[in-house]
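Residue numbering for the sequence shown follows my numbering, beginning at -3 and increasing consecutively.
These notes are about the structure you will find just below.
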Amino acid sequence: MNYVVISSIGAVFMGFFVLFVRMKAAKKPTNVKKIIMPPIFMSSGALMYFVPEFRLTTMKILEAMIVGMLFSILLIKTSKFEIRDNDIYLKRSKAFIFILVGLLVVRLVLKTILSSTIDIGQLSGMFFLLAFSMIVPWRVAMYRSYMKLYKELHGIKMI
């Protein structure tokens, strides 16, 4: 079995894990820590770039980051908060599930197509960077939205 197939199976499982976590998270109030910790934990994956096989050219870095940031727009648009029972909750969005599955399918298709022209190590580096470039703007937008509601909830005036 080749690396592309194995990593694609892993991506599918991770996608379903994210869906499960997201659905569960919507049942509990959120906080700043829950918003900012995922990208911080994910950042440890950048250690892969110490290994020469994963290093990227400037063009590949730009491509991965631009695609990631474009994908983040979809996640930002479907991540809204609401005040319920004097707490802040992430609103459930039916569109989020379809967008996440759609992004997963696009990722798998891109990986299949690109694996014939880009080395598997560099492709892994590109997809990590794509994912990181997607999660950081999304979480920054979530943080800003959360803080706006937090200030409203606690009567803090914005300057």
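Where is the CB? At the ideal position from N, CA and C, for every residue including glycine.
Keep in mind the model is a prediction, meaning the values are calculated, not measured.
- Measure the C-alpha to C-alpha separation of Asn27 and Ala21 and round it to an integer number of angstroms. What you label residue 27 is simply residue 31 of the sequence shown in a count that begins at 1. What you label residue 21 is simply residue 25 of the sequence shown in a count that begins at 1. Near 11 angstroms, if we compare the C-alpha coordinates of Ala21 and Asn27.
- Go through its chain and collect everything with a Cβ distance to Gly11's Cβ below 6 angstroms, but skip five positions before and after it. For the purposes of this step, residue 11 is identified with residue 15 of the sequence shown, where counting begins at 1. The answer, listed in chain order, is Leu100.
- Within 10 angstroms of the Cβ of Ser208, are there 16 or more other Cβ atoms? Answer buried if so, exposed if not. For the chain, the structure presents residues -3 to 155; residue 208 sits outside this window and is missing.
- Message: Report the CB separation of Lys57 from Leu125 in whole angstroms; it is logged as a contact under 8 angstroms.
- Response: Here residue 57 is taken as the residue at index 61 of the sequence shown, counted from 1. Here residue 125 is taken as the residue at index 129 of the sequence shown, counted from 1. Note that residue 57 is Ile in the sequence shown here, rather than Lys. Their Cβ separation, rounded to whole angstroms, is 6 angstroms, which keeps Ile57 and Leu125 in contact under 8 angstroms.
- Message: Quick check: Ile31 and Leu70, are their CB atoms within less than 7 angstroms of each other?
- Response: Start at 1 with the first residue of the sequence shown, and residue 31 comes out as number 35. Start at 1 with the first residue of the sequence shown, and residue 70 comes out as number 74. No, the pair does not count as a contact, with Cβ atoms beyond the cut-off.
- Beta-carbon proximity list for Val132, same chain, < 6 angstroms, skipping 5 on both sides: On the sequence shown, residue 132 is found 136 positions in, with the first residue counted as 1. Taken in chain order, the residues that qualify are Pro35.
- Under a three-way DSSP split, which group does Leu86 fall into? What you label residue 86 is simply residue 90 of the sequence shown in a count that begins at 1. Correct three-state label for Leu86: strand.
- So, using beta-carbon positions, are Leu145 and Ile84 closer together than 7 angstroms? To locate residue 145, count along the sequence shown from 1; it is residue 149. To locate residue 84, count along the sequence shown from 1; it is residue 88. Yes, these two residues count as a Cβ contact at 7 angstroms.
- Hey, quick one: how far does the alpha helix (DSSP H) through Arg140 stretch, first residue to last? The sequence position of residue 140 within the sequence shown is 144, counting from 1. Element bounds for Arg140: Ile116 to Leu149.
- Sheet register partners of Phe46 (DSSP bridge): In the sequence shown, the residue the question calls residue 46 occupies position 50. In DSSP, Phe46 forms no bridge with anything.
- Query: With burial defined as no fewer than 16 other Cβ atoms inside 10 Å of the residue's Cβ, what is the status of Arg103: buried or exposed?
  - Reply: Sequence index remark: in the sequence shown, residue 103 carries index 107 (1-based). Arg103 comes out buried.
- Tell me whether Ala91 is buried or exposed, calling it buried when 16 or more other Cβ atoms sit within 10 Å of its Cβ. As a first step, residue 91 must be located in the sequence shown, where it is residue number 95. The residue in question, Ala91, is exposed, as its Cβ has fewer than 16 Cβ neighbours within 10 Å.
- Task: In the DSSP assignment, find the unbroken alpha helix (DSSP H) run with Gly32 in it and report its ends.
- Result: In the sequence shown, residue 32 corresponds to position 36, counting from 1. Sequence check: residue 32 is Ile here, not Gly. Val28 to Met38 is the extent of the alpha helix (DSSP H) around Ile32.
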